Structures are given as structure tokens and as C-alpha cells.
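For the record, in the sequence shown the residue sitting at position 172 is 172 according to UniProt numbering, with numbers rising by one throughout.
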Amino acid sequence: MHGMVLKAIRTPLVLMDMPELRPARGEVRLRVEACAVCRTDLHVVDGDLPTPKLPLIPGHEIVGIVDAVGDEVMGLSIGDRVGVPWLGHTCGHCRYCLSGHENLCDAPLFTGYTRDGGYATHVVADSAYVFRLDGFSDPVATAPLMCAGLIGWRSLVAAGDGETVGLYGFGAAAHIIMQVCRWQGRRVFAFTRPSDETAQNFARSLGADWAGGSDQMPPELLAAAIIFAPVGALIPAALRAVRKGGRVVCGGIHMSDIPSFPYRILWEERQIVSVANLTRRDATEFLEIAPRAGVKSKTIQYPLNAANEALADLREGYLEGAAVLIP
């Protein structure tokens, strides 16, 4: 097998030949069909997230075919197509795991961060944290659902059931979850980098009721806003855009510092909440909803050895949709 390896923070990934992986007890090995490139991968490579496993194969939006099964694996067989998300393992016995909040586990493992991920021809995963993808016939289009879709879904649930939703940062997650919003009958307001007419036109093409720069106010106050861009200054902007009792959801794992803002834009029971990781229940819910909602992810394909180029294009905001690596 071979994979793209991060040897040190803030250095390019290196294509390396590696020994054949063998699944341990409770694990499966996948032949990777596609692995989407997530902004969290950038945060790992750029050192925004502390203490990754090094050397490391990044990537946590994985679709592949099971080609080896370890002992005591139940419900998965060689030849099954499955997805592997960010949450790779939890302890199962801390207060969070026992109370249904495994996304907050005290001793988790994360795919492509504290265990090797999918920028490779093969990956080993804990079988309890992979998801069957019966009926998902296109691995490239499905790969972004494994994080952009799942975190987008968790963020939307956290936003509540208001009829108007603002999406700040119109990338992979926003373009997927907007399709769910439209299917639910909500109106969507898309906020992009100022003057980014390409992204605004992309949002309109998917049914946005309004699209404009993040420095603009929407034409009406919103029930909720979800911030996918890792920009702390968007929190005060979003607070100004939501109505009384509105909620601002921060959907990213990392964000720049939040500037001070006047209490009056938080007052009247507006809320700021964060979303951390995901639960297996989120995946079960979203993977059942996505086909019903007709979700179609827009992708830009890169060969595996062009992972550095894909990361650079994401960093510079050149992507419309999601980058996907093809081994």
C-alpha cells in the first residue's frame, strides 16, 4: 500500500510505500475508493489542532470496500462498501459516552488525526465506527457526506427548526446541508467572502433565497445562522443577522479569535453554541435522510499524489464544492 504522510507540522505530505495493514480484533481494512479533503485536514497539517499522531496519514471522509476483517467483527463482510468518519473510537465508559454524548468522549480517537486516515490506498478502522453504504453507488460523491454532511447535519439540528437559516462560508458542508434545508422547506441565506460572486452564484444555483458577502446584512432577520468558515469575526456578524431568540451555531473544530462585541447584539435571548465532532446516531440519521433529500455533492477530483495541491486549493478558497482524492 501507499499513502500521503505528514511527517512534521506545516510541511508538505510525502507519498510513501508502506507495509501491508492487517486489521486487529474488532477492526476492518478498507480498500479506499475515495477520500474527501476537509478543512479539518488543513487545521491538522497547519498545526491549528494540537498533538496529532506523527507521522500521520490524514483524511477522515473515507469511502471504501472492506477487503479484510479482524476477529469479533459483526455485521460487516468482505466486499461491503462502508464509510469512515472523523470519530474513530470512543472509550464507552466515561460520563459522556454513558449519557449519549460520545462526541464529547474523554478518550476518543479521531480518524486522520490520532489514527491514520484515508489519504492512502488502504485504511484500517474500528468496525463499530464505520457505516454501511448500501445504496450509495458513487463513492466520490458520497465521500464528502462523511464529515461535511455529518457535521452539517449536526449543526442544522443544533440550529433548531426555524424557517430561515443563514450559512456563513459556502463550501463543502454548506452546499450539502443547504440541499437538506430546501428539502425541509426552509429558506436559506448564503454568506460568502465579500465580492465572491462565483460562490454566491453557486449558492443561488442550489436554491439559495439570497446570497451575499459576509459583510452584508440579509434582507430579513434570520431564525438561525450556522458558521462553517473558521473566522471568529463572523460571530458578531451572525448575531446581528439573527432575530430575537435566534441561535448562532459554530460548526467548525477550529476558529480564529472572536473579537469583542457589544452585549446588546447577544441580548434578547440570542444564543451562541458550538458543535463538537459527531455521534454515530448523527450518521445513522443523516445517511437515511440524504437520499430522500436528493443530496448531490459537487466534487473536484484529484489523484492521491496531488493531496498537497488539493489542500492548497482549499486553503486559498478556490474550490466550489468538495475536493476528493482518488487512490
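Where a beta carbon is used, it is the ideal one built from N, C-alpha and C, also for glycine.
No experiment lies behind these values; they were computed from the predicted model shown.
Measuring only the C-alpha atoms, how far is residue i from residue j?
i           : j      : result
Leu104      : Thr284 : 18 Å
Thr192      : Gly70  : 45 Å
Arg29       : Asp257 : 39 Å
residue 337 : Val324 : Residue numbering for the chain in the displayed model covers 1 to 327; residue 337 lies beyond these limits and cannot be assessed.
Pro194      : Gly169 : 11 Å
Met18       : Ile265 : 54 Å
Pro219      : Ala211 : 10 Å
Ile300      : Val242 : 33 Å
Tyr87       : Gly3   : Going by the sequence as given, residue 87 is Leu instead of Tyr. Their backbone Cα atoms lie some 20 Å apart in a straight line.
Ser214      : Arg39  : 19 Å
Pro58       : Val66  : 19 Å
Ala120      : Pro236 : 40 Å
Phe286      : Ser297 : 14 Å
Asp313      : Ala208 : 24 Å
Tyr302      : Ile326 : 6 Å
Pro262      : Ala128 : 46 Å
Gly47       : Arg95  : 29 Å
Leu6        : Leu221 : 44 Å
Gly245      : Ala158 : 14 Å
Arg315      : Leu42  : 7 Å
Is it buried or exposed, residue i, if we count other Cβ atoms within 10 angstroms and call 16 or more buried?
i      : result
Asn277 : buried
Pro291 : exposed
Gln184 : exposed
Asp134 : exposed
Asp116 : buried
Ser99  : exposed
Ser137 : exposed
Met255 : buried
Arg281 : exposed
Val37  : buried
Glu61  : buried
Val14  : exposed
Ile78  : exposed
Starting from residue i, trace the alpha helix (DSSP H) in both directions and tell me its first and last residue.
i      : result
Thr164 : Note, Thr164: premise wrong, no alpha helix (DSSP H); beta strand (DSSP E) at Thr164 to Tyr168.
Phe202 : Glu197 to Ser205
Met178 : Ala172 to Gln184
Val275 : Segment: none, Val275 is in no alpha helix (DSSP H) and carries neither H nor E.
Arg280 : Arg280 to Ala293
Val45  : Arg39 to Val45
Asp313 : Ala307 to Arg315
Val140 : Pro139 to Thr142
I need the boundaries of the beta strand (DSSP E) containing residue i, first residue and last residue.
i      : result
Trp153 : Premise fails: Trp153 lies in the alpha helix (DSSP H), Ala148 to Ala159, not in any beta strand (DSSP E).
Gln301 : Thr299 to Pro303
Ala34  : Glu27 to Ala36
Thr192 : Arg187 to Thr192
Leu133 : That residue, Leu133, is in no beta strand (DSSP E); it is neither H nor E in DSSP.
Leu15  : Val14 to Asp17
Met1   : It is not in any beta strand (DSSP E) - Met1 carries neither H nor E in the DSSP assignment.
Val231 : That residue, Val231, is in no beta strand (DSSP E); it is neither H nor E in DSSP.
Leu325 : Ala322 to Ile326
Asp126 : His122 to Asp126
Leu222 : Leu222 to Ile227
Ala211 : Trp210 to Gly213
Item to check | Contiguous beta strand (DSSP E) assignments of at least 3 residues, all confined to the region 241-271 | outcome: List check, beta strand (DSSP E) in window: 242-250.
Checklist entry - For the region 105-115 against the region 159-166, are there 3 or more C-beta pairs whose distance is under 8 Å? => result Taking a contact to require three or more Cβ pairs closer than 8 Å, the region 105-115 and the region 159-166 do not qualify as touching.
Checklist entry - For the 8 Å Cβ check, are there 3 or more pairs between the region 12-32 and the region 119-126? => result Judged by pairs of C-beta atoms under 8 Å, the region 12-32 touches the region 119-126, as three or more such pairs exist.
Checklist entry - For the region 61-118, which segments carrying the beta strand (DSSP E) assignment without a break, of at least 3 residues, lie completely within its bounds, in sequence order? => result Here the runs fully enclosed are 61-69, 81-84 and 87-89.
Checklist entry - Any contact of the region 199-209 with the region 134-153, i.e. 3+ C-beta pairs under 8 Å? => result Judged by Cβ distances under 8 Å, the region 199-209 makes no contact with the region 134-153, as fewer than three pairs qualify.
Next on the checklist: I'd like to know if the region 225-232 and the region 127-144 are in contact, where contact means that at least 3 CB-CB pairs between them fall below 8 Å.
Outcome noted: Output reads no: the region 127-144 does not touch the region 225-232.
Checklist entry - Would you say the region 264-278 touches the region 238-254, given that touching needs at least three Cβ pairs under 8 Å? => result When Cβ pairs closer than 8 Å are counted between the two stretches, the region 264-278 is seen to touch the region 238-254, the count reaching three or more.
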